[in-house]
Structures are given as structure tokens and as C-alpha cells.
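Chains as they are written, first to last, in the working numbering: chain A, 1 to 337; chain B, 338 to 450. Here a beta-carbon is modelled for each residue, glycine too, at the ideal position from N, C-alpha and C.
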């Protein structure tokens with residue numbers, strides 16, 4: 001069972017009164033649509049005293065009751081948001097993290113509420129705004145300015161010496177845990193193994209930087225969301241993931257995430273980073289993107305088929321696998337002898 | 338003999354009712370789910386119409402490559418194992434996998450590309 005609005009009002013008011021040492025009013029608590037893994041609640045907080053005095057429009061983010069294990073805990077996600085925010089990345093401003101489960105029964109954090117749309121199918125049908133892919137490129141470059149080692153992000157572990165090789169090994173492990181073999185995905189992994197470029201230095205990668213996780217309003221980026229897969233990797237992994245055809249929401253000729261021109265995105269990235277993007281190596285990482293999405297799709301399908309989590313969305317994801325396989329094969333056609 | 342319309346025909350008309358009559362009457366928050374239901378029905382329709390054609394193509398292609406007969410699951414496992422081991426990098430393997438993928442996409446999402 002999920003949290004209830006009334007309980008959030010009561011418990012959060014008490015907690016914030018302790019933290020701010022003054023009167024606090026929590027109001028307008030509404031649950032936002034969100035994943036099965038986290039719950040998000042919109043709420044307004046009026047603080048009467050101290051450095052945070054004023055009215056704040058916030059989101060409370062906590063683990064869902066079902067508690068599916070993810071790579072990062074809420075407090076790690078909070079730290080990632082804080083670090084990214086300081087690096088100039090457009091994110092919801094993180095406010096307060098609470099690891100004390102006696103407050104709400106689970107860990108949570110508060111962040112500023114941003115308004116806009118993330119819906120990929122909608123963004124892919126809107127008129128082109130050239131400034132948007134440029135801005136998305138700039139923002140990604142800012143994420144990539146964060147380089148290991150960073151003490152605050154020690155929970156990310158050591159950067160892999162060869163991110164592509166690490167990804168290939170991990171996806172093979174994931175495939176081996178499934179009941180059914182997938183030769184076309186194996187073909188893609190084999191191609192990735194044979195064609196792996198020399199690694200560039202690892203940076204902080206978002207690892208899910210794509211249309212659908214980027215909140216936009218009036219043609220401007222207002223928030224990069226969903227940091228739960230962030231980790232040290234090759235910066236080209238994020239660029240390939242963002243540009244890959246499987247994340248264009250049907251707008252296949254808009255190669256920057258279905259919302260604009262690839263070169264506008266590249267220019268934003270190159271202007272902000274001062275580094276040029278190796279176009280050929282991006283192609284490699286776009287193959288990797290399709291393989292990664294195909295492996296995740298297999299895992300999601302298996303969650304439904306095994307009965308672990310009955311869901312039409314997961315069931316339909318199984319039927320995305322063939323087009324991903326076809327794309328992988330088309331991208332890796334061998335040269336005739 | 339079964340009455341007409343067949344299973345695929347029933348799904349076809351049921352899907353029309355869902356999309357044309359029910360969908361516009363649904364609240365915004367339920368439209369995505371209804372579209373998913375319509376999509377699932379379309380995939381089933383195409384699978385019924387295709388019969389075992391695509392599965393037969395897959396089995397034959399893999400049997401030719403591997404040189405023995407097996408269950409579809411066994412054939413896929415062996416093919417995957419050979420590819421991973423670097424023992425199936427040839428053009429004819431790619432061609433077979435491509436033919437299989439084209440057949441599957443014709444059922445799952447024929448509008449792809």
C-alpha cells in the first residue's frame with residue numbers, strides 16, 4: 001500500500017518544524033503519476049521562519065511500497081542531483097534528504113517542483129525548436145565535466161577501465177539469466193566486442209539521458225530527470241543513447257532524440273565541452289544503445305512472463321524486441337567477401 | 338466448422354469498437370492503457386493471420402545453419418552459443434538472422450521503418 005496524503009501532511013509537518021525550528025504548513029498533497037519503483041508526491045510547503053522562510057512548491061520522492069531494488073538509493077539519487085546541480089546541469093533543485101525511516105516509513109527527499117512535459121510521443125510531433133537540441137547537448141556536456149574520483153560519488157564505485165567491455169560482459173550475464181536465447185542480440189554483442197574502440201576517459205554518465213526523461217516547457221529544457229542509472233562510463237555512451245533510433249519516438253529523421261537535428265545537439269555539446277565528438281565512435285555506441293535496450297526489454301518481458309509482475313506494458317515490451325533486433329542487424333551488416 | 342467471423346475477424350471488429358467508440362469517451366489518464374490494449378489486439382491478429390509461417394522460416398533457417406534438427410528453443414540456444422564464441426561471424430548467419438527478424442517485425446510492428 002502506498003503512502004496517503006493525510007499521513008504525509010501530518011508527519012512531514014512535524015519533521016519540517018523540527019528541522020526549521022518554526023511553524024510549517026504542508027498543503028496540496030497530490031500523488032503524481034510515476035513508475036512502479038518510486039512514488040512522487042507534489043506538495044506545497046510554507047515555512048514561516050529561518051533561512052528557508054517562504055512558500056515552496058516541491059516534490060517528495062520516495063521508494064514505492066513494492067520496493068523493487070534499483071541501482072541507487074534515494075539518498076544516492078539526492079547526492080547525484082546535488083552534484084549535477086552544482087555543475088550547472090538543469091535539474092530539479094534538491095532541497096532536503098531524509099534517511100530516517102521513522103518519519104514516513106521510508107527514505108525520501110524533497111526537491112523543487114518543475115512543470116513541463118516529458119512525453120516522447122508528444123515532443124517528437126512538435127515543431128522543431130533548434131535551440132532545444134543545442135541546449136540538451138550543452139547540458140549533457142556539463143554532466144560529463146564531472147570526473148572520477150569524486151568523494152561525494154564514491155558509492156558509484158571505481159570507473160571501469162574499459163566501459164564498452166564492461167557493458168558487453170554485463171549484458172551477456174543478463175542474457176544468460178533468461179530462459180530463452182536471443183541470437184540476434186548475441187550477434188550485436190559479438191560485433192560490439194570485435195569493433196570496440198579504444199576507451200576514452202570515464203566521466204559521470206547519466207545512462208538514461210533520452211527523450212522521455214527530459215522535461216521540456218515552451219521549447220526549453222527545464223529538468224533532467226531519472227538519475228537512477230548514473231555511473232562512470234564513456235561519455236559517448238550517453239551521446240549514443242540519446243541519438244539512437246530506438247529513442248526517437250517514431251520521428252526517425254530527427255536524429256537528436258526525435259526532437260531535432262543531430263548536428264545542433266552535437267554543436268551544443270562541443271561548444272560547452274570544448275571537445276569534438278568522434279562521429280564514427282557514436283555509431284558504435286548507438287549499436288550499444290539498441291543492444292542495451294533489447295536486453296532490458298528481454299528482462300522486462302521475463303518479469304511478466306514469469307508471473308513476477310503481471311503488466312500489459314511489460315508484456316508489450318516483449319514485442320519491441322524484434323524491431324530492436326532488426327535495427328541491430330541492419331547496423332552491423334557484414335561486408336560481403 | 339467454426340462460425341465466421343474467425344478469431345482474427347472478431348479481434349478486428351472489437352479493436353474498432355475500442356478505438357472508435359470507447360477511446361474518445363475515456364478520461365485522458367486512461368487513454369494510454371486503451372491504446373496498449375488496442376496494440377496487443379493488433380499483434381494477436383497478425384499472429385493469427387501469419388499462422389506458423391514465421392516460426393517455420395526461423396526453424397528451417399537455423400537448422401540449415403547448424404546442420405541438425407532441434408526444438409526452436411534449442412536451435413536458438415546453440416546459435417547464440419556459436420555467435421558468442423566467435424564461430425558464426427559469416428554473412429550467411431547474418432542473412433538468416435535478418436530474415437528471421439524481418440518475419441517477427443511483420444507481426445510485432447509492420448510499420449517499423
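Residue burial classification, residue i (beta-carbon count within 10 angstroms, cutoff 16)
i, result
"residue 145/A", "exposed"
"residue 322/A", "buried"
"residue 445/B", "buried"
"residue 428/B", "exposed"
"residue 330/A", "exposed"
"residue 183/A", "buried"
"residue 216/A", "buried"
"residue 358/B", "exposed"
"residue 338/B", "exposed"
"residue 354/B", "exposed"
Reduced DSSP secondary structure (H/G/I, E/B, other) of residue i
i, result
"residue 90/A", "coil"
"residue 102/A", "helix"
"residue 232/A", "strand"
"residue 13/A", "helix"
"residue 182/A", "coil"
"residue 215/A", "strand"
"residue 368/B", "helix"
"residue 138/A", "helix"
"residue 317/A", "helix"
Beta carbon proximity, residue i to chain B, threshold 9 Å
i, result
"residue 321/A", "yes"
"residue 173/A", "no"
"residue 194/A", "yes"
"residue 330/A", "yes"
"residue 164/A", "no"
"residue 39/A", "no"
"residue 125/A", "no"
"residue 290/A", "no"
"residue 33/A", "yes"
"residue 316/A", "yes"
C-beta atoms of residue i and residue j nearer than 9 Å
i, j, result
"residue 39/A", "residue 80/A", "no"
"residue 379/B", "residue 443/B", "no"
"residue 269/A", "residue 259/A", "no"
"residue 109/A", "residue 140/A", "no"
"residue 327/A", "residue 304/A", "no"
"residue 72/A", "residue 93/A", "no"
"residue 142/A", "residue 87/A", "yes"
"residue 181/A", "residue 414/B", "yes"
"residue 168/A", "residue 325/A", "no"
"residue 44/A", "residue 106/A", "no"
Short CB-CB distance (under 9 Å) between residue i and chain A
i, result
"residue 437/B", "yes"
"residue 388/B", "no"
"residue 417/B", "yes"
"residue 365/B", "no"
Please determine if the stretch 293 to 300 of chain A and the stretch 391 to 409 of chain B are in contact, where contact requires at least 3 C-beta pairs separated by less than 8 Å. Touching, no, given that fewer than three Cβ pairs across the two stretches are closer than 8 Å.
Indicate whether the contact test is met: 3 or more Cβ pairs, each with one atom in the stretch 125 to 137 of chain A and one in the stretch 259 to 270 of chain A, closer than 8 Å. Touching, per the Cβ criterion.
Could you say if the stretch 204 to 221 of chain A and the stretch 229 to 246 of chain A meet the contact criterion of at least three C-beta pairs nearer than 8 Å? Yes, since at least three Cβ pairs between the stretch 204 to 221 of chain A and the stretch 229 to 246 of chain A fall closer than 8 Å, the two stretches touch.
Any 3 or more C-beta pairs closer than 8 Å across the stretch 184 to 203 of chain A and the stretch 113 to 121 of chain A: No, they do not touch.
Does the stretch 182 to 193 of chain A come close enough to the stretch 408 to 427 of chain B that 3 or more CB-CB pairs lie under 8 Å? At 8 Å Cβ cutoff, the stretches touch.
How do the stretch 307 to 318 of chain A and the stretch 365 to 383 of chain B stand: do at least 3 beta-carbon pairs fall below 8 Å, yes or no? Yes, they touch.
Count the C-beta pairs between the stretch 50 to 58 of chain A and the stretch 14 to 27 of chain A that are closer than 8 Å, then say yes if the count reaches three, no if not. Verdict: yes, contact present.
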